[in-house]
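Final position of the sequence shown in this note's numbering is 285; the numbers increase by one with none missing.
This report refers to the structure that appears directly beneath it.
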Amino acid sequence: MDKVVGSAAQAVAGIPDGAVLAVGGFGVCGIPSGLIAALVEAGTGGLRVVSNNCGLDDWGLGLLLRAGRIVRMTSSYVGENKEFARRYLSGELEVELTPQGTLAERLRAGGAGIPAFFTPAGVGTQVEEGGLPWRYAPDGSVAVASPPKEVRAFRGGRYLLEEAITADYALVRAAVADRHGNCVFHAAAANFNPLAAMAGRVTVVEAEQIVEPGQLDPDRVHLPGVFVDRVVAADPDDRRIERRTVRPAAEPPVPAEASASPAAKEN
19 MDKVVGSAAQ AVAGIPDGAV LAVGGFGVCG IPSGLIAALV EAGTGGLRVV
69 SNNCGLDDWG LGLLLRAGRI VRMTSSYVGE NKEFARRYLS GELEVELTPQ
119 GTLAERLRAG GAGIPAFFTP AGVGTQVEEG GLPWRYAPDG SVAVASPPKE
169 VRAFRGGRYL LEEAITADYA LVRAAVADRH GNCVFHAAAA NFNPLAAMAG
219 RVTVVEAEQI VEPGQLDPDR VHLPGVFVDR VVAADPDDRR IERRTVRPAA
269 EPPVPAEASA SPAAKEN
């Protein structure tokens, strides 16, 4: 039952070229950066990745992308990554853009054994009609386009059929995990990490804190250990802020005594 391994390299051992990966995180929050770095070091390539976004140019999945290891992305957001845009527009990268809620539900459905579902998201757009550029040719024409989706009516509304997503491996980051793989996520990191974990046939977790079985309150567990195969310690300080904005420090308030006039003080 002890699923803890000694290093990130051990945790990603066996992931082959061409694997489908479900990777947790939201923006740069809850990114399994240690596992991604270990994959970069291992030289694994030809990867087809399902993740909300593709990290930054110099961090997270952006490191695999920059090294040319990712051939396809299924994502809902691709901002903040110039290398991603360059590879997509030059035809080096295939990209399936999916509405964010739909992407989350496709992962959850995959983990729950539901093959497909209907959703109103995308009705009346190119998501329904097809023709979205998945991959460009070197001359700028569309080499691969999205297919049209099946539409059905329910209770007077139109809905699109979306297929579930399963992955060969899932890479996720937890705030706390026990040795049996039960996981707790922090704040926004809970958005995609549990869903990615459910969708992976083999799920690898890097956790900022590893505790003994029984130390986690069962009511606090976000991801049961039945979904987890390997656990490795993460660097708790390996985090990023996607966009830092600051403002000048506010002037400290002037005490009432100091602001009173001399005459007022005498009275």
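All C-beta atoms, glycine included, are put in the ideal place defined by N, C-alpha and C.
For residue i and residue j, what's the separation of their Cα atoms in angstroms?
i	j	result
S93	P270	45 Å
P165	E230	48 Å
L158	T62	The question names Leu, but residue 158 in the sequence shown is Gly. If I take the Cα positions, the gap works out to 29 Å.
V246	T137	29 Å
P236	V194	13 Å
L125	D256	26 Å
Between which two residues does the alpha helix (DSSP H) holding residue i run?
i	result
R105	K100 to L107
V145	Q144 to E147
G128	Q118 to A130
A29	A26 to A29
Cutting at 6 Å between CB atoms, please list the residues of its own chain near residue i, excluding the five before and the five after it.
i	result
A206	F44 and C47
G64	D35, G36 and V89
V162	W152 and R153
E112	R90, W152 and R153
Is the beta carbon of residue i sitting closer than 9 Å to the one on residue j?
i	j	result
V223	V244	no
A103	S69	no
L179	F203	no
A134	E98	no
A31	A60	yes
V38	T184	yes
A188	A214	yes
For residue i, which option in the options has the closest C-alpha, if you only look at C-alpha atoms?
i	options	result
V22	I49, T221 and V113	T221
L57	N70, G86 and L74	G86
G140	K167, A134 and A127	K167
E146	G131, A127 and T120	T120
F210	F172, A127 and A171	A127
G199	Y177, A161 and Q227	Q227
E110	F172, D186, V272 and E101	E101
R197	A217, L234 and A214	L234
M216	P273, A122, G80 and Y95	A122
P254	R219, I49 and G232	I49
A29	R265, A252, L213 and I132	A252
C201	G218, T143, V239 and L107	V239
A155	D76, D20, S108 and Y177	S108
Check for me: the beta strand (DSSP E) holding residue i runs from which residue to which?
i	result
I54	Where I54 is concerned, there is no enclosing beta strand (DSSP E), although the alpha helix (DSSP H) it sits in stretches over S51 to A60.
R219	G218 to V229
R66	L65 to V68
G175	G175 to E181
R248	R248 to A251
A134	A134 to T137
Using a Cβ cut-off of 9 Å (strictly closer), state whether residue i contacts chain B.
i	result
V22	The structure shown contains no chain B; it is built from a single protein chain.
Report yes if the C-beta of residue i is less than 8 Å from at least one heavy atom of the ligand ATP; otherwise report no.
i	result
V38	Ligands in the displayed structure: none, and consequently the ligand ATP is not present.
Leaving out the 5 sequence neighbours to the left and right, which residues in its chain are closer than 7 Å to residue i when beta-carbon positions are compared?
i	result
C72	L79, G80, L83, M91, S93, V96, N99 and F102
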